[in-house]
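As they're listed, the protein sequences go chains P and F. The opening residue of the first sequence carries number 30 in our numbering; numbering runs sequentially from there. The opening residue of the second sequence carries number 30 in our numbering; numbering runs sequentially from there. Note that the Cβ used here is the ideal one computed from N, Cα and C, for glycine as well. Following: one structure in structure tokens, then a few remarks.
2 protein chains.
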Amino acid sequence: MNTSAGAKGARKRGRRSGGRSGNIRGKGSAITQLPWSLPVNRDRPTEPLTEEGVQAVHDGAMRILEEIGIEFLNPEAADILGKAGCIVNGENVRMGRDLVLEQLKSVPTSFTITPRNPERRIEIGGDRMVFGNVSSPPNCSDLDRGRRTGTRESYRDLIKLTQYFNCIHFAGGYPVEPMDLHPSIRHLDCLYDKLILTDKVVHAYSLGKERVEDVMEMVRIAGGLTHEEFDASPRMYTNINSTSPLKHDYPMLDGAMRLARRGQLTVVTPFTLAGAMAPVTMPGAVTQSMAEGLAAIVLLQLVNPGCPTAIGTFTSNVDMKTGAPAFGTPEYMRATQMSGQMARFYGLPLRASNACSANCPDSQSAWESVFSLWAAVSSRVNMVYHAAGWLEGGLCASYEKFVMDCETLQQVISYMNPVTATEADIAFDAVKEVGPGGHFFGCAHTQERYETAFYSPFLSDWSNFESWEEKGAVQTPERANKIWKQIIAEFQDPPIDPAIDEELQTFVAKRKEEGGAPTDF
Amino acid sequence: MNTSAGAKGARKRGRRSGGRSGNIRGKGSAITQLPWSLPVNRDRPTEPLTEEGVQAVHDGAMRILEEIGIEFLNPEAADILGKAGCIVNGENVRMGRDLVLEQLKSVPTSFTITPRNPERRIEIGGDRMVFGNVSSPPNCSDLDRGRRTGTRESYRDLIKLTQYFNCIHFAGGYPVEPMDLHPSIRHLDCLYDKLILTDKVVHAYSLGKERVEDVMEMVRIAGGLTHEEFDASPRMYTNINSTSPLKHDYPMLDGAMRLARRGQLTVVTPFTLAGAMAPVTMPGAVTQSMAEGLAAIVLLQLVNPGCPTAIGTFTSNVDMKTGAPAFGTPEYMRATQMSGQMARFYGLPLRASNACSANCPDSQSAWESVFSLWAAVSSRVNMVYHAAGWLEGGLCASYEKFVMDCETLQQVISYMNPVTATEADIAFDAVKEVGPGGHFFGCAHTQERYETAFYSPFLSDWSNFESWEEKGAVQTPERANKIWKQIIAEFQDPPIDPAIDEELQTFVAKRKEEGGAPTDF
Chain P
30 MNTSAGAKGA RKRGRRSGGR SGNIRGKGSA ITQLPWSLPV NRDRPTEPLT EEGVQAVHDG
90 AMRILEEIGI EFLNPEAADI LGKAGCIVNG ENVRMGRDLV LEQLKSVPTS FTITPRNPER
150 RIEIGGDRMV FGNVSSPPNC SDLDRGRRTG TRESYRDLIK LTQYFNCIHF AGGYPVEPMD
210 LHPSIRHLDC LYDKLILTDK VVHAYSLGKE RVEDVMEMVR IAGGLTHEEF DASPRMYTNI
270 NSTSPLKHDY PMLDGAMRLA RRGQLTVVTP FTLAGAMAPV TMPGAVTQSM AEGLAAIVLL
330 QLVNPGCPTA IGTFTSNVDM KTGAPAFGTP EYMRATQMSG QMARFYGLPL RASNACSANC
390 PDSQSAWESV FSLWAAVSSR VNMVYHAAGW LEGGLCASYE KFVMDCETLQ QVISYMNPVT
450 ATEADIAFDA VKEVGPGGHF FGCAHTQERY ETAFYSPFLS DWSNFESWEE KGAVQTPERA
510 NKIWKQIIAE FQDPPIDPAI DEELQTFVAK RKEEGGAPTD F
Chain F
30 MNTSAGAKGA RKRGRRSGGR SGNIRGKGSA ITQLPWSLPV NRDRPTEPLT EEGVQAVHDG
90 AMRILEEIGI EFLNPEAADI LGKAGCIVNG ENVRMGRDLV LEQLKSVPTS FTITPRNPER
150 RIEIGGDRMV FGNVSSPPNC SDLDRGRRTG TRESYRDLIK LTQYFNCIHF AGGYPVEPMD
210 LHPSIRHLDC LYDKLILTDK VVHAYSLGKE RVEDVMEMVR IAGGLTHEEF DASPRMYTNI
270 NSTSPLKHDY PMLDGAMRLA RRGQLTVVTP FTLAGAMAPV TMPGAVTQSM AEGLAAIVLL
330 QLVNPGCPTA IGTFTSNVDM KTGAPAFGTP EYMRATQMSG QMARFYGLPL RASNACSANC
390 PDSQSAWESV FSLWAAVSSR VNMVYHAAGW LEGGLCASYE KFVMDCETLQ QVISYMNPVT
450 ATEADIAFDA VKEVGPGGHF FGCAHTQERY ETAFYSPFLS DWSNFESWEE KGAVQTPERA
510 NKIWKQIIAE FQDPPIDPAI DEELQTFVAK RKEEGGAPTD F
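Here you go:
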């Protein structure tokens with residue numbers, strides 16, 4: 030077991046004293062980015078299901094819960110559900126729709142999560158939309174070094190990008206798995222890095238009680254909170270996946286229940302690939318996904334009524350020739366929109382993803398990701414996981430794709446600026462002043478607004494072909510490559526109280542001495 | 030003047046006898062594509078303007094027409110408008126909202142256009158959406174030969190792609206300007222090629238009476254129609270642009286009136302770049318665009334009440350640092366959506382574009398185009414111009430981009446398949462059969478549907494990284510390059526009656542002898 034790449038080592042390698050949180054103001058020499066903001070999605074969602082369709086999906090999900098049941102591979106969970114009136118048969122748990130609908134009443138439709146920097150508080154639910162970094166790929170890639178296994182160094186690089194970009198609102202799972210850190214202590218080093226390199230909302234993997242408890246404790250320390258303060262409102266979150274079809278595994282349920290007891294958010298995301306782990310029909314896959322998701326949410330509401338819970342959708346199709354998952358497809362879009370309808374029907378916040386299947390940051394990666402992104406917008410998704418950096422169906426975090434995705438995220442955020450039609454917006458007087466055949470560059474109406482009228486991209490090249498060619502005909506990934514290098518080179522840690530940093534280091538050191546989390550290797 | 034590359038020469042070079050219309054069945058060895066279909070956009074459009082906002086844009090447009098006026102640089106047009114009660118002051122024409130709203134009553138909200146092959150009939154209006162090829166760039170490019178001035182050869186290549194892809198419903202303007210054809214006879218050779226190489230709806234440029242009349246005559250001949258039959262229903266269309274702000278030029282109005290008299294479609298598309306030719310505020314740019322568009326539509330309804338007319342939107346923003354037009358931006362999307370609201374308010378079919386600013390078919394080109402495409406979908410646009418092949422803000426037609434765009438168009442078409450939630454869709458029995466921990470590959474519900482359940486892309490590479498790398502790590506443009514070469518190599522002309530072909534050739538030869546269209550060089 031190699032624990033030598035410890036917290037102190039990381040600190041020495043990566044941190045500079047006196048770091049300032051310059052990025053929050055949208056400044057920095059690498060790029061000019063949008064300021065931190067919490068986008069509001071005011072548009073009517075796209076709703077492919079009729080009202081009867083919504084009822085049919087609901088009824089199907091209820092029949093699954095009532096007549097087939099969900100396997101809860103966690104005796105404590107099965108016990109809690111049994112006591113609430115579910116029919117428990119070994120691991121199989123069947124629950125009636127009355128119980129489900131009753132328990133859904135206590136789910137908050139919206140809530141905030143407050144990280145160690147309260148200015149980075151995020152709101153989940155309603156018409157709010159927040160974005161998080163790519164999470165959990167085993168590999169990373171960039172144009173210089175190619176594709177490789179994740180390390181602590183690449184993990185830290187991608188966390189720095191997560192912190193730098195204001196369009197990334199929360200730090201999801203590990204943006205790449207640091208395979209050079211032993212799994213027993215990986216969560217300690219990773220969370221230390223994350224809590225030092227970012228001041229945004231963080232996530233805990235529900236992979237065993239020690240990991241979950243350690244992360245909650247570190248988030249509490251980082252926030253300078255008492256245990257009571259930590260428990261009083263959401264400070265972090267976990268995401269659990271069902272083992273579709275119809276199964277919830279032990280550690281996921283265990284972690285979720287631990288967070289629920291302390292009032293922290295659990296996102297329940299069934300992984301329902303239509304034709305593989307779910308029916309080949311998209312409404313069928315969504316139905317099964319709802320049944321799986323609701324089952325866990327009912328459990329968490331029984332554990333701690335009113336605790337924040339959200340449903341996630343990861344319903345997509347597979348390539349029926351190879352079984353490979355596909356993302357950003359027409360089917361994925363419709364499944365996300367149907368999930369949005371069902372989430373609103375149940376009063377649950379919704380999580381989706383900015384996913385693609387492409388193997389490199391080329392045009393396919395862009396169209397697949399943008400299809401996923403507009404699926405999220407048109408479904409009124411509240412949390413977009415994997416919003417920046419995802420490639421290969423989630424198997425690789427690309428540095429360049431991260432930067433490219435932040436460009437499109439910024440555009441979506443700008444798209445969400447309110448549209449108004451005041452007299453000044455209609456601009457009759459300006460049209461009159463300029464008149465037929467004139468131009469608007471010079472008129473007062475333009476001069477007063479031109480600096481802020483339009484979104485200004487940091488990555489798109491809008492020069493004409495001749496200028497673009499003269500500058501070397503640089504394509505988008507190469508431009509993104511230059512940008513991430515500059516961001517990482519200039520990165521400064523967000524400020525943290527040295528006493529809190531010390532307390533985190535002490536905690537990490539103590540837990541490493543105790544062996545971290547048990548592993549079977 | 031070089032007229033040597035005549036119709037017969039082209040025929041000899043490009044045609045094979047006995048061509049079959051195999052593509053219509055979605056077959057062919059280059060790719061497996063979707064069959065020809067007319068997509069129906071059932072989703073509720075996205076509507077950024079409130080009802081009051083719609084009224085404000087309407088009122089602004091009416092005030093422009095009433096108080097400022099539009100310049101009609103065509104005495105005949107001004108005369109017609111004057112006789113209808115407009116206040117004509119030289120070229121300036123002011124019209125009252127009563128006249129506008131009265132004339133809009135006769136505009137058909139939907140209609141069909143029937144090309145020489147009635148199976149390629151398209152419907153315009155309502156919830157129908159059709160796609161056309163990139164039109165009018167002076168340059169073309171491909172990965173092998175780079176960027177170059179358009180020629181008849183490249184024109185013909187891109188027309189073949191237009192015909193080949195079933196997701197391209199109409200043959201818009203020249204997909205690239207064939208600069209090796211003298212402007213006086215260019216329209217004759219181009220239309221001959223177009224009418225032979227495609228059997229889809231074609232377009233006439235409104236650039237002088239000879240060109241317009243020649244094209245109408247050639248479309249009539251190609252359809253085997255009498256003059257009365259041609260005039261009885263739409264067979265083709267033109268697009269006219271205003272010279273924003275507030276001006277309609279002579280040849281555009283002349284061409285539009287000629288088509289209107291014969292019952293053919295005119296799309297009126299103001300070219301209102303916010304901050305340059307229109308107010309810097311997007312609702313203001315849309316307001317001006319509506320005023321310009323409605324003014325010409327009123328004229329055409331006076332010329333021939335009930336003739337098909339549509340409004341186009343080309344409202345986008347410019348880079349305020351350089352003045353360069355930008356496309357696929359957040360502002361472009363919102364302007365398109367607002368234009369959709371206004372088009373529905375006025376009962377007019379709407380045209381938009383699949384535009385981007387990128388200089389090569391990289392990821393920027395993809396995200397900009399896909400933003401434009403979703404703008405069209407969410408605005409309930411009826412005709413999407415430039416749907417395949419556009420680069421550089423319209424200055425270049427890319428062979429590879431054409432293929433890439435057809436991939437995303439196919440995905441949009443698949444997205445528009447109706448979503449149903451029947452008992453078989455909900456698939457409760459399949460979920461019960463498979464049960465917890467099973468898989469759906471083998472179950473009857475999947476087996477009965479898997480071949481057609483999901484859209485299957487022809488260009489996306491969904492293989493895993495290792496296979497993709499082993500196959501040479503081929504990026505999207507390179508894959509598209511291979512595809513267009515195969516399509517062009519295998520291309521077969523759609524069938525045409527040899528007598529009609531002969532008649533077209535005779536007409537072209539006669540008109541060339543007469544000198545074609547006058548030019549000033």
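Item	Value
Between the CA atoms of ILE109 (chain P) and GLU531 (chain P) - distance to the nearest angstrom	40 Å
Alpha helix (DSSP H) segment containing VAL463 (chain F), residue limits	457-463
Beta carbon proximity, MET91 (chain F) to chain C, threshold 8 Å	The structure shown contains no chain C; its protein chains are P and F.
Burial state of THR505 (chain F) (16 or more Cβ within 10 Å)	buried
Assigned secondary structure, GLY51 (chain P) (DSSP; H/G/I helix, E/B strand, else coil)	Its pLDDT being 39, under 50, GLY51 (chain P) is placed unreliably in this model, and the value from its coordinates should be taken loosely. Correct three-state label for GLY51 (chain P): helix.
Cβ of ARG150 (chain F) within 8 Å of any chain P Cβ	no
Chain F contact residues for THR310 (chain P), given Cβ-Cβ distances below 8 Å	ALA453, ASP454, ILE455, ALA456, HIS474, ARG478 and ALA482
CB contact below 8 Å: LYS276 (chain P) versus chain F	yes
Selected residue, minimal CA-CA separation from GLY154 (chain F), among F:VAL244, F:GLY376 and F:ARG176	F:GLY376
Contact with chain F by ARG73 (chain P), beta-carbon distance below 8 Å	yes
Own chain partners of TRP403 (chain F) with C-beta closer than 8 Å, once the 5 adjacent residues on each side are dropped	MET362
Distance CB(TYR221 (chain F))-CB(VAL537 (chain F)) smaller than 8 Å	yes
Proximity test, Cβ basis, 8 Å: HIS468 (chain F) and chain P	yes
7 Å CB neighbourhood of GLU436 (chain F) in its chain, flanking five on each side removed	PRO486, PHE487, LEU488 and SER489
Bridge partners - ARG157 (chain F), DSSP secondary structure assignment	F:VAL69
Extent of the continuous beta strand (DSSP E) run through LEU254 (chain F)	Element bounds for LEU254 (chain F): n/a, residue is neither H nor E.
Short CB-CB distance (under 8 Å) between VAL463 (chain F) and chain P	yes
Coarse secondary structure for ARG42 (chain F), derived from DSSP in three states	At ARG42 (chain F) the pLDDT is 39, less than 50, meaning the model places this residue with poor confidence; the figure from the coordinates comes in the next sentence. Looking at ARG42 (chain F) - three-state DSSP - the assignment turns out to be helix.
Within-8 Å CB hit, PHE140 (chain P) to chain F	no
Alpha-carbon to alpha-carbon, PHE194 (chain F) and GLY55 (chain F)	With a pLDDT of 44 at GLY55 (chain F), under the threshold of 50, the modelled position of this residue cannot be trusted, and the question is left open.
Cβ-based burial, GLY545 (chain F) [other Cβ within 10 Å; buried from 16]	buried
Distance between beta carbons of ALA251 (chain P) and ASP145 (chain P), contact taken as under 8 Å	Residue 145 (chain P) is actually Arg in this sequence, not Asp. Confirmed, Cβ separation roughly 4 Å.
Straight-line gap, ILE551 (chain P) to THR338 (chain F) (C-alpha atoms, nearest Å)	Given that chain P is displayed from residue 30 to residue 550, the structure contains no residue 551 (chain P) and the question cannot be resolved.
Cβ of PRO212 (chain P) within 8 Å of any chain F Cβ	no
Assigned exposure category for ILE340 (chain P) - 16 Cβ within 10 Å defines buried	buried
Continuous alpha helix (DSSP H) assignments of at least 4 residues falling wholly in the segment 93-152 of chain P	104-112 and 126-133
Nearest residue (CA-CA) to HIS491 (chain P), options F:GLN84, F:CYS389, F:VAL129 and F:SER318	The amino acid occupying residue 491 (chain P) in the given sequence is Trp; His does not appear at that position. Among F:GLN84, F:CYS389, F:VAL129 and F:SER318, the Cα nearest to that of TRP491 (chain P) is on F:CYS389.
Cβ shell of THR475 (chain F) (< 7 Å), same chain only, five flanking positions each side left out	PHE469
Under 9 Å (Cβ pairs) to chain P, residues found in the segment 359-390 of chain F	PRO359, GLU360, MET362, ARG363, GLN366, MET367, SER386, ALA387, ASN388, CYS389 and PRO390
Beta-carbon contacts of ILE97 (chain P) that lie in its chain and below 7 Å, excluding the five residues immediately before and after	LEU275
Local Cβ density within 10 Å of MET30 (chain P), reported as buried at 16 or more and exposed below that	Low local confidence applies: a pLDDT of 36 at MET30 (chain P) is under 50, so the model's placement there is unreliable, with the coordinate-based value given in what follows. Its Cβ having fewer than 16 others within 10 Å, MET30 (chain P) is exposed.
Own chain residues within Cβ distance below 6 Å of THR342 (chain F), not counting five before or after	THR365, SER368 and ALA381
Straight-line Cα distance separating GLY335 (chain F) from GLU105 (chain F)	20 Å
Identified DSSP bridge partners for TYR279 (chain P)	None, per the DSSP bridge assignment.
Exposed unless 16 or more other CB atoms sit within 10 angstroms - verdict on ASP218 (chain P)	buried
HIS415 (chain F), buried or exposed, once every other Cβ within 10 Å from all chains shown has been counted against 16	buried
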